[in-house]
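Below is one structure, written out as structure tokens, with a few remarks after it.
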Amino acid sequence: MLFFLYGVLILNGLIGAFLYIMMHKKRKIFSDRYGMIMAMCASGVLSFALGMVIEFLNKNNFTVITILVLVISGTLGITFGALVKFQSLLSGFFQGTVGGVMGTMFGAVMKNPSLCNLPSESLYTVEQSMVIFSLFSTVLVIVTASLLLYSFRV
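Residues in the sequence shown are numbered from 76 upward in steps of one, following this note's numbering.
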């Protein structure tokens, strides 16, 4: 299970790095509006996926992991937002931190459904849900990256 989650984490990180490299090469053709939308989409989805998988990998200390995810996702948002102008940097930072917090909270609820007064499930069902939602978030990252890269051609 850990090997799978580390693989998903690395895959999402590589997709994010590839997307940033492709965006950085073509940053001169961005308008302000496109830059803001691109920063919000990329940082929000990547931060959500990374926050969720990092929370799945966490065993004990929830506070430290939440702060770590906030720093990573805020940096991710600033990185994508800095491709254009200051307003896209702000929106990228905001969307990145919100996506990171959402991913962390979603991962915590998946691991312990009783946090939201949901019925507790067996360990097998929790691990199965972790695999399903990790794969879903990876597919969501791939689709978002594909749509952002496709928008260059249109």
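All residues carry an ideal CB built from backbone N, CA and C; glycine is no exception. What you are looking at is a predicted structure, and each value in this text was computed from that prediction instead of being measured.
Practice item. Take I217 and list the residues in its own chain whose beta-carbon comes closer than 8 Å to its own, dropping the five residues that flank it on each side. Key: Apart from sequence neighbours up to five positions away, the residues of its chain that approach I217 with a beta-carbon distance below 8 Å are I90, ordered along the chain.
Check your understanding: When you compare each of R108, L223 and T213 to G82 by their alpha carbons, which one comes out closest?
Key -> Of the candidates R108, L223 and T213, the one whose C-alpha sits nearest the C-alpha of G82 is T213.
Check your understanding: Can the beta-carbon of G182 be found less than 8 Å from the beta-carbon of G126?
Key -> yes
**Study point:** Cβ shell of G119 (< 6 Å), same chain only, five flanking positions each side left out
**Key:** Q170 and G174
Exercise for review: Give every residue of the same chain whose Cβ lies closer than 7 Å to the Cβ of C116, excluding the five residues on either side of it in the sequence, and list them in chain order.
Suggested key: Setting aside the 5 residues that flank it on each side, C116 is surrounded in the same chain by T219 and L223, each with a C-beta closer than 7 Å to its C-beta; the list follows chain order.
Point to revise | Contact test: L158 Cβ vs the ligand ADP heavy atom, cutoff 7 Å | key: Within the structure as shown, the ligand ADP is missing, as the structure has no ligands at all.
Review point. In this structure, does DSSP put A157 in helix, strand or coil?
Key: coil
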